[in-house]
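The block underneath contains the structure these notes are about, expressed in structure tokens.
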Amino acid sequence: MSEFKPLDPLLHSQLRLAVMSLLISVESAEFTFLKEKTESTAGNLSVQLDKLEKAGYIEIEKSFKGKRPLTTAKITKHGVNAFETYVNALKNYIS
Amino acid sequence: MKKELSSSESLAIITDMIAKAKQEAAGDGSFYFLLWGWVISICSFGHYALEKAGFEHPYYVWVLVLPSVFISFFWGIKKKSKAKIKTHLDQVLNQLWIGVFMGIVVVLGFMPVLGFNHNPVILLLAAVGMFATGSLIRVSMVKLGAVVLAIAAVVAFLVPVSDQYLVAGIAMILGYLVPGYYLKNTYRERV
């Protein structure tokens, strides 16, 4: 039997895990898309995105769409690895 | 939000979010099939009918292709600017059809060299694009459309140039429009 590895605390949170799961499926996603799909508030989502960015799991790009500011998030290679490690650890807990 | 997540809750979040992203990314996908299916089949039948009727310049009907190129181009830009997400699949499909389009342009540029047997070659290029698309979006009906186009290309090579337009028109309806409407109608079921 393999030992239970501790789950990455940065990913083991409802909203951050939801964001990472969305980003793993796409090339990049806008802030409004993440907010709508995770049903979170803009404030909370900003804080969690900031944490994921500081950990190097995602990249945030700020630009403009017309006159409106646009925030786009993209998962990094480091983020993909962290997500895969988290899912594998999760499998151990379940099986 | 602060409560401790259980393993099954984590798993539920992951599968739920991946499904939501997939739903958004799937799109309709039928716009180009319907636009080009209609335009090319109308032009092919038009060319065939005008030629049989003895019209001196039956190829005038192909002028319809020009606005379609613009519509395709601007629709693509509009869709891109409205999209809230970018997917690798969209980019691959886009590049694939740009490649097919470039191939068609080269073939059209050498129509006299090909003895005006360009229709079967274009059908083959479209068949390759359709087959790859069907495989990428995992829709067998689109792959079947590609087989129809490839068979039509073989048939077209065996008939006189003037009849190739009739073959191309029929092939575009069966191999392009039918999968296009299938995609449109099954869109809700796929996501």
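Chains as they are written, first to last, in full-length UniProt numbering: chain A, 1 to 95; chain B, 1 to 191. A virtual CB, placed ideally from N, CA and C, is assigned to each residue, including glycine. All values derive from a computational prediction rather than experimental measurement.
Closer than 8 Å to chain A by CB, residue i
i	result
K86 of chain B	yes
A12 of chain B	no
Burial state of residue i, where buried means 16 or more other Cβ atoms lie within 10 Å
i	result
W36 of chain B	buried
A82 of chain A	buried
A19 of chain B	exposed
H57 of chain B	exposed
K37 of chain A	buried
G29 of chain B	buried
Y60 of chain B	exposed
S8 of chain B	exposed
N119 of chain B	buried
residue 192 of chain B	A question about residue 192 of chain B goes unanswered here, because the residues of chain B that appear run from 1 up to 191.
Chain D within 8 Å of residue i, Cβ atoms only
i	result
L49 of chain A	The chain labelled as chain D is not found among the protein chains of the depicted structure, namely A and B.
Spatial distance of residue i from residue j (CA atoms)
i	j	result
S46 of chain A	I94 of chain A	31 Å
I40 of chain B	M172 of chain B	7 Å
Y57 of chain A	A83 of chain B	23 Å
residue 116 of chain A	L52 of chain A	Beyond the ends of chain A as shown, which are 1 and 95, falls residue 116 of chain A; an answer cannot be given.
F33 of chain A	K65 of chain A	14 Å
L64 of chain B	S140 of chain B	30 Å
residue 213 of chain B	G79 of chain A	In this structure chain B extends from 1 to 191, so residue 213 of chain B is not present and cannot be described.
L149 of chain B	V167 of chain B	10 Å
F185 of chain B	V26 of chain A	The sequence shown places Asn at residue 185 of chain B, not Phe. Going from the Cα of N185 of chain B to the Cα of V26 of chain A covers about 25 Å.
Neighbourhood of residue i by C-beta, 6 Å cutoff - its chain only, sequence neighbours within 5 removed
i	result
S63 of chain A	L70
L136 of chain B	none
T72 of chain A	S28, E30, E61
Supposed close pair residue i, residue j - CB separation, criterion 8 Å
i	j	result
F157 of chain B	N94 of chain B	With 8 Å as the limit, F157 of chain B and N94 of chain B do not qualify as a contact, their Cβ atoms being about 30 Å apart.
G169 of chain B	F55 of chain B	16 Å between Cβ atoms; not a contact.
L11 of chain B	L90 of chain A	6 Å
S162 of chain B	E51 of chain B	5 Å
G145 of chain B	V178 of chain B	7 Å
I122 of chain B	V142 of chain B	So it is not a contact: roughly 18 Å between Cβ atoms.
Chain B contact for residue i (CB, 8 Å cutoff)
i	result
V87 of chain A	yes
T32 of chain A	yes
I94 of chain A	yes
V26 of chain A	yes
S21 of chain A	yes
Cβ neighbours of residue i in the same chain (closer than 7 Å, five flanking residues each side left out)
i	result
G103 of chain B	L125
A55 of chain A	L10
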